[in-house]
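Asks:
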Amino acid sequence: MKMACIDLEGVLIPELWPQIAQASGIEALSITTREEPDYPALMRWRLDHLRKNGLRLRDVQSMIAKTQTYPDAVAFLQQLTQQQGYRIHIVSDCFYELAGTLLDALGSPESFCHSLETDADGWITGCAWADRNGKRNTSPAYWNRVATFWPRVTPSTILPCCAWRTTAFWFAHRRRQ
Numbered sequence: 014m015k016m017a018c019i020d021l022e023g024v025l026i027p028e029l030w031p032q033i034a035q036a037s038g039i040e041a042l043s044i045t046t047r048e049e050p051d052y053p054a055l056m057r058w059r060l061d062h063l064r065k066n067g068l069r070l071r072d073v074q075s076m077i078a079k080t081q082t083y084p085d086a087v088a089f090l091q092q093l094t095q096q097q098g099y100r101i102h103i104v105s106d107c108f109y110e111l112a113g114t115l116l117d118a119l120g121s122p123e124s125f126c127h128s129l130e131t132d133a134d135g136w137i138t139g140c141a142w143a144d145r146n147g148k149r150n151t152s153p154a155y156w157n158r159v160a161t162f163w164p165r166v167t168p169s170t171i172l173p174c175c176a177w178r179t180t181a182f183w184f185a186h187r188r189r190q
């Protein structure tokens with residue numbers, strides 16, 4: 014079995030938080046992991062600023078509702094699946110609640126993202142982190158998850174992918190002999 018594990022934001026869709034910052038007029042939301050490399054701390058910063066400015070999950074979702082996939086993203090995924098036989102898995106530091114409609118537009122590939130926690134009034138109260146420590150450390154955590162579905166496959170190589178965008182990466186799997 015061949016599997017392509019691909020990042021979402023900046024690879025198949027535009028980065029969402031800069032769009033949220035622009036739409037809301039809250040400059041503090043434009044801070045990225047380049048300025049704050051501690052992603053949980055960055056998300057606490059973002060959620061605090063959303064709350065201070067009276068923005069709930071539905072408000073944030075409406076700000077990015079018109080976001081579209083990159084022009085060739087769907088064709089790229091179709092080429093991988095239909096012509097090259099890859100099974101697509103999105104591995105992203107994005108949140109299901111923000112990326113849901115975009116994942117649907119991409120054909121609903123299996124996704125491994127984080128989730129936002131909300132209260133009964135729709136305020137974002139926290140993050141439910143995926144069982145991994147960032148995309149760089151996804152391989153073992155993701156492999157353990159995938160191996161429960163396909164116990165007869167093993168990882169063979171991890172190759173950088175420059176054909177689409179540099180932040181995409183591949184897992185190629187082969188059956189055990």
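Just so we're on the same page, the numbering used here is the position in the sequence shown counted from 1, plus 13.
C-beta atoms are modelled at their ideal positions from N, C-alpha and C, and glycine is treated no differently.
1) Could you give the distance in angstroms between the alpha-carbon of residue 143 and the alpha-carbon of residue 102?
2) Please list the terminal residues of the continuous alpha helix (DSSP H) segment that includes residue 114.
3) When we look at the beta-carbon of residue 106 and count the other beta-carbons within 10 Å, is it buried (16 or more) or exposed?
4) Straight-line CA distance for residue 179 to residue 42?
5) In this structure, does DSSP put residue 72 in helix, strand or coil?
6) Between residue 174 and residue 29, what straight-line distance do the alpha-carbon atoms span, to the nearest angstrom?
7) Between residue 55 and the rest of its own chain, which residues show a CB-CB distance below 7 Å, the 5 nearest in sequence each way excluded?
8) Measuring only the C-alpha atoms, how far is residue 88 from residue 122?
9) Quick one: grab the DSSP three-state call for residue 33.
10) Quick test of your reading: residue 127 and residue 118, contact by CB under 8 Å. State the CB separation rounded to the nearest angstrom.
11) Measure from the alpha carbon of residue 79 to the alpha carbon of each residue in 63, 92, 27, then state which is nearest.
12) Using the C-alpha atoms, what's the distance from residue 137 back to residue 116?
13) When you compare only the Cα positions, how much space is there between residue 75 and residue 94?
14) Pull up the CB-CB distance for residue 62 and residue 33, whole angstroms please, since I reckon it's below 8 Å.
15) Consult DSSP for residue 48 and reduce its assignment to one of helix, strand or coil.
16) Is the CB-CB distance between residue 60 and residue 135 below 8 Å?
17) May I have the straight-line CA-CA distance separating residue 109 from residue 58, to the nearest angstrom?
Replies: Let me lay it out:
1) 14 Å
2) 109–118
3) Under the 10 Å beta carbon count, residue 106 is surrounded by 16 or more other beta carbons and is classified as buried.
4) Below a pLDDT of 50, predicted positions are generally treated as unreliable, and residue 179, at 34, falls in that range; the measurement from the model is reported next regardless. Within the model, the alpha-carbon separation for residue 179 versus residue 42 is close to 25 Å.
5) helix
6) Confidence at residue 174 is low in this model, with a pLDDT of 38, below 50, so its placement is unreliable and the value that follows should be read with caution. One C-alpha to the other measures close to 22 Å.
7) 44, 46, 49
8) 13 Å
9) helix
10) That pair is no contact at about 20 Å.
11) 27
12) 21 Å
13) 31 Å
14) Rounded, the Cβ-Cβ distance is 10 Å, inconsistent with contact.
15) coil
16) no
17) 19 Å
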